[in-house]
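Contents: one structure, followed by commentary.
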Amino acid sequence: MKSCVTVSLVEEARGGPFVLWDDIPAACSKAAQMGFDAIEIFPPSPDALTRLPLANMLDDHGLQLAAVGTGAGWVKHRLTLADPDPNQRSKAIDFVKSIIDVAGKHGASAIIGSMQGWARGDVTTADAHKYLLDGLSVCGRHAESYNVPLLYEPLNRYETNQFNTLATAKAFLNRLGASHNIKLLADLFHMQIEETDVAGAITEAGETIGHVHFVDSNRRPVGLGHTDFRAIIAALRAVGYTGYLSAETFPYPDPDAAASQTIRAFRYWASPYSVSND
Ligand SMILES: [Mn+2]
């Protein structure tokens, strides 16, 4: 497994669960200096990345781009894939595709989290699922041209009523048939709220898992909450997961300390040199 740390550039997301903030060049230096393999970026728009020499910054620091979030489509523009208005749904799809284009160039996946929207108001559960499935299908195909999967993230019940567990999300994606190019993002904070058994859910989801948000029970860095990581890491190993453990946590107690706590926890639990578990 590989280590990763999140960087947010979205003013509206201030106070949210991102470790590093505001400055990609500084975040790249810090991530490399601490020994992370990759960064995950939450940008306000695709332009925020295309106007940087991002490829050079990553290369100079020996970093990969692991993933790029699409949540600014919701927090800045109030777009979701489940909007009752077809024009708004179409704008939401265009926003996600524009993020796929900037992420894909660097071999990274885009993440659908809050952009999945809700069943509420005039939108029935069946409608919301249909709209989401259509959006994921189109965006998953778009990601194929970059040879990367699209990542779909089940969220906890306070953030969506679409899908809250890996098993229900996996069954939902199966409606698209075998070759849908969508993987699940297993966020250990959301899972701690929703799953009966976090390790068991990972075992069941198996190779459908394409990315992991590495975070403790209280959304603080790993080691600062009450999650038992032993069984979780063992389950990820057993299903052959070799992707990123990406720190999407509150910058608690501050960004540097959160990053340093995360890399220490990663080395203890999950680095290739870890001897702490079987
Ligand atoms: Mn997450």
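Numbers 3 to 280, taken from my numbering, label the letters of the sequence shown in order. Ideal Cβ positions, reconstructed from N, Cα and C, are used throughout, including at glycine.
What is the C-beta distance between residue i and residue j, in whole angstroms, given that I count them as a contact (C-beta under 8 Å)?
{"i": "A203", "j": "L168", "result": "5 Å"}
{"i": "T205", "j": "A237", "result": "5 Å"}
{"i": "L287", "j": "S5", "result": "Nothing can be reported for residue 287: it is not among the residues displayed for the chain, which extend from 3 to 280."}
{"i": "G75", "j": "A94", "result": "6 Å"}
{"i": "Q194", "j": "T162", "result": "That belief does not hold up - the Cβ atoms of Q194 and T162 are roughly 16 Å apart, past 8 Å."}
{"i": "A34", "j": "H63", "result": "4 Å"}
{"i": "N176", "j": "R143", "result": "17 Å between Cβ atoms; not a contact."}
Measuring straight from C-alpha to C-alpha, what distance separates residue i and residue j?
{"i": "P274", "j": "F216", "result": "16 Å"}
{"i": "H192", "j": "T52", "result": "31 Å"}
{"i": "T229", "j": "N89", "result": "42 Å"}
{"i": "S147", "j": "A261", "result": "33 Å"}
{"i": "V7", "j": "Y133", "result": "31 Å"}
{"i": "D280", "j": "N58", "result": "Note on D280: pLDDT 48, under 50, position unreliable in the model; the coordinate value appears next. So the alpha carbons of these two residues sit roughly 38 Å apart."}
{"i": "T127", "j": "S181", "result": "25 Å"}
{"i": "Q66", "j": "M3", "result": "13 Å"}
{"i": "K172", "j": "L186", "result": "8 Å"}
{"i": "L135", "j": "Q164", "result": "11 Å"}
{"i": "V218", "j": "D39", "result": "A small correction: the amino acid at residue 218 is Asp; Val does not occupy that position in the sequence shown. Each residue's alpha carbon lies about 20 Å from the other."}
{"i": "D61", "j": "P55", "result": "10 Å"}
{"i": "A130", "j": "W120", "result": "7 Å"}
{"i": "T170", "j": "R122", "result": "19 Å"}
{"i": "G18", "j": "S47", "result": "17 Å"}
{"i": "A15", "j": "K32", "result": "21 Å"}
{"i": "R91", "j": "N220", "result": "33 Å"}
{"i": "V77", "j": "P257", "result": "22 Å"}
Based on the DSSP secondary-structure assignment, which residues constitute the bridge partners of residue i?
{"i": "F44", "result": "S10"}
{"i": "L153", "result": "I113 and K185"}
{"i": "Q66", "result": "A40"}
{"i": "L22", "result": "V9"}
{"i": "V214", "result": "A188 and L247"}
{"i": "K4", "result": "Y246"}
{"i": "G71", "result": "I113"}
Going by alpha carbons, who is nearest to residue i out of the options?
{"i": "F20", "options": "E250, R143, S262 and A121", "result": "E250"}
{"i": "G225", "options": "A237, A207, T264 and G119", "result": "T264"}
{"i": "I296", "options": "G208, R91 and G137", "result": "The first residue shown for the chain is 3 and the last is 280, placing residue 296 beyond what the model contains."}
{"i": "G242", "options": "A267, Y254, F268 and H213", "result": "H213"}
{"i": "F252", "options": "R222, A236 and F231", "result": "R222"}
{"i": "V98", "options": "G137, T205, A173 and R122", "result": "G137"}
{"i": "H108", "options": "S139, L11, L135 and V150", "result": "V150"}
{"i": "Y160", "options": "S116, Q66, F44 and S31", "result": "S116"}
{"i": "I113", "options": "M36, T198, S100 and C30", "result": "S100"}
{"i": "S111", "options": "P55, A259, W271 and G245", "result": "G245"}
{"i": "D24", "options": "A34, E13 and G18", "result": "E13"}
{"i": "L190", "options": "G123, I211, R91 and G106", "result": "I211"}
{"i": "E42", "options": "D124, A272, L153 and K78", "result": "L153"}
{"i": "Y270", "options": "G119, A259 and F231", "result": "F231"}
{"i": "D49", "options": "A34, H79, M36 and D103", "result": "D103"}
{"i": "A240", "options": "G227, N220 and A272", "result": "A272"}
{"i": "M36", "options": "P45, L22 and F44", "result": "L22"}
{"i": "E155", "options": "R91, E196 and P46", "result": "E196"}
{"i": "A188", "options": "F44, L178 and A201", "result": "A201"}
Sufficient close CB pairs (3 or more, under 8 Å) joining the region 57 to 71 to the region 84 to 93: By the Cβ criterion, the region 57 to 71 is not in contact with the region 84 to 93, since fewer than three pairs of Cβ atoms, one from each stretch, lie closer than 8 Å.
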